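Quick note, the sequence shown lines up with residues 758 to 1154 if you use our numbering. Virtual Cβ for every residue (Gly too), placed ideally from N, Cα, C. Note that the structure is a prediction, hence the values are computed from the model and not measured.
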Amino acid sequence: MTPGDATRPPALSPRAIEESRRVSAGVGDELDLLLADLEAWVNIDTPGGAIEELDRLAAILANTVERYGLHPELVPVRGQGLYLHATLQGSGRARVALLCHHDTVFPLGTAAERPFSHDSRRVHGPGVADMKGGLAVAVHAARLMATGPRPFALLEVVSASDEETRPAAPLTMERLTGFDAVLCMECGRVDGSIVSARKGGRWFRLHAQGRPAHAGVDPDGGRNAVMALCQEALRLSRLHHARDDLTFQVTELYGGEGLNTVPGKGFLTGDMRAPTSADLDWALEHVRAFGNYDDIELRWEDLGGPPPLERTPRVAALARAAIELGARLGHEFTETSTGGVSDGSWTAWSGVPTLDGLGPVGGDDHTPFEYAERSTFATRAGVVAGLVAAIDEGLLD
Ligand SMILES: [Zn+2]
């Protein structure tokens, strides 16, 4: 069968459905344990760069998953603290990673001000959705999968310590080379959707070097770098919506040496987002075709950016299977795309089929109102377990 053939239902076997139900029910029965773990993790602030706190949490995570039957390894990465890689061997053939991160965007002291809390519907606290809640789903899905038929060759829970601040691929990504799939545990969208596509981004800086001169004494002796950049900004702004879902914004514009000097230098920064690499490459060609300005030199600087997570046929097959598994658990959701970036963007770019948004349903990330829906921890764990079993049975072949 052609992966992603929209006319066919996902190849969900009774075994995958049963494993999904078993894990969802098991995590549901143990929800208090999951919430206690989550509380402990949320109440340690782990902003990017706070190595001591990040490593303290990584050690707690390693300890916890070891008690749950996994084999943890804490991998030091340069200057960023420890990544967790915890493995579980199975009896099948698939290799699947559950991709998480344990850093948050909240500064030290946030958890003391507003610690983990929950009511009958929602949990709150810094990072409950982005993404300590997803980490809880991954760890507890793995805990339950360790107690069952283990329909996989290798299940690996990965947690990075620097996702929020790193503009590049996870530093241990090569360890996932050859994996059959990555399930990224960022939270589900507000309406429950999983994420089957993410735009890629590209940032660049355009430098202009003109010639400064006294603005009153010798205005025509200067070459105004700021005026050239303004014309470039207007030219570049035409990229916005030039193709479907391509967006472009000038995000910075600086120049000038003083109030009475013709500006001799300046720069602008641009932010482009697009759903495919082809669109980004096309837009970059236009960026680099800058105009000619008398005695003003323009220089383009590539600032990189995350690649898109494209909805390939295999990603589509994963999404359809997840939706079907969810429906069987009474957890209805659909799939969506987003302009935001996650580490799943990088694993997808490396060639491993990647589905995202499999953490609990939540929202208001990066704000004090961040929440995750309590009822979705167990069902998302069930969806993850069913997906792993379905992959093992050839969903992506
Ligand atoms: Zn995140």
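* Which value, in whole angstroms, describes the spacing of the CA atoms of leucine 1075 and leucine 1144? -> 7 angstroms
* Asked: By Cβ distance, which residues of its chain are closer than 6 angstroms to arginine 1000, with the 5 residues on each side in sequence left out?
  -> Asp1036
* **chain B contact for tyrosine 1011 (CB, 7 angstroms cutoff)** => No chain B appears in the structure shown, which is made up of a single protein chain.
* What do you get for valine 974, buried or exposed, if any count of 16 or more other CB atoms within 10 angstroms of its CB means buried? -> exposed
* **Cβ-Cβ distance between alanine 893 and leucine 795 below 7 angstroms** => yes
* Using the Cα positions of glycine 1048 and alanine 985, report the straight-line distance between them to the nearest angstrom. => 9 angstroms
* To do: Hey, could you find the ends of the beta strand (DSSP E) arginine 932 is sitting in?
  => Run containing arginine 932: none; DSSP gives neither H nor E here.
* Within its chain, find whatever has a CB closer than 7 angstroms to the CB of alanine 1078; leave out the 5 residues flanking it on each side and keep chain order. => Pro767, Leu769, Leu1144, Ala1147 and Leu1152
* Asked: Should glutamate 1042 go down as buried or exposed, given a rule of 16 or more other Cβ atoms within 10 Å for buried?
  -> exposed
* Asked: Is aspartate 887 near ligand 1, going by C-beta to nearest heavy atom under 6 angstroms?
  -> yes
* Less than 8 angstroms between the CB atoms is what I'm expecting for arginine 1137 and proline 1110, so what's the real figure, rounded? => Arginine 1137 to proline 1110, Cβ: 19 angstroms. No contact.
* Asked: When you compare only the Cα positions, how much space is there between leucine 814 and leucine 831?
  -> 11 angstroms
* **Whole-number beta carbon distance between alanine 982 and glycine 1012, since they are thought to touch under 8 angstroms** => 6 angstroms
* Classify threonine 759 as helix, strand or coil using the three-state DSSP reduction. => Confidence at threonine 759 is low in this model, with a pLDDT of 45, below 50, so the placement of that residue should be treated as unreliable; the coordinate-derived value is given next. Coil at threonine 759, not helix or strand.
* Asked: Less than 7 angstroms separating the beta-carbons of histidine 834 and leucine 928?
  -> A quick correction: the sequence has valine, not histidine, at residue 834. Taking 7 angstroms as the Cβ cut-off, valine 834 and leucine 928 qualify as a contacting pair.
* Please confirm whether any heavy atom of ligand 1 lies closer than 6 angstroms to the CB of glutamate 1054. => no
* **alpha helix (DSSP H) segments (min. 4 residues) lying fully within the segment 766-804** => 771-786 and 788-799
* **Which of helix, strand or coil DSSP assigns to threonine 1018** => strand
* Find the nearest neighbour of arginine 946 within the set Ser1132, Pro1125 and Gly1114, judged by alpha-carbon distance. => Gly1114
* What did DSSP end up calling glycine 826 once you bin it into helix, strand or coil? -> coil
* Could you give the C-beta distance for arginine 878 and glutamate 1089, rounded to a whole number, given that I count them as a contact under 8 angstroms? -> Not really, about 17 angstroms apart at Cβ, beyond 8 angstroms.
* Closest Cα partner of glycine 785 within the set Phe1134, Leu865, Asp1149 and Val880 -> Phe1134
* **Sequence-distant residues of the same chain with beta carbon closer than 6 angstroms to histidine 897, five excluded per side** => Val784, Leu791 and Ala1138
* Considering proline 1117, what are the terminal residues of the alpha helix (DSSP H) in which it resides? -> Per DSSP, proline 1117 belongs to no alpha helix (DSSP H); it is in the beta strand (DSSP E), 1116-1120.
* To do: Can you give me the start and stop residues for the alpha helix (DSSP H) that aspartate 1149 sits inside?
  => 1133-1149
* To do: Output the boundary residues of the beta strand (DSSP E) element that contains aspartate 1059.
  => 1054-1059
* Asked: Rounded to the nearest angstrom, how far is the Cβ of glycine 1101 from that of leucine 1066, given a contact under 8 angstroms?
  -> 6 angstroms
* To do: Give me the Cβ distance between alanine 1142 and valine 780, rounded to the nearest whole Å; I'm assuming they're in contact under 8 angstroms.
  => 4 angstroms
* Asked: Cβ of glutamate 931 within 6 angstroms of any heavy atom in ligand 1?
  -> no
* Who are cysteine 944's beta bridge partners in DSSP? -> Gly1116
* Could you check if serine 874 is buried or exposed, using at least 16 other CB atoms within 10 Å of its CB as the buried criterion? => exposed
* To do: Please name the residue in Asp789, Ile817 and Leu788 whose C-alpha comes closest to that of isoleucine 801.
  => Ile817
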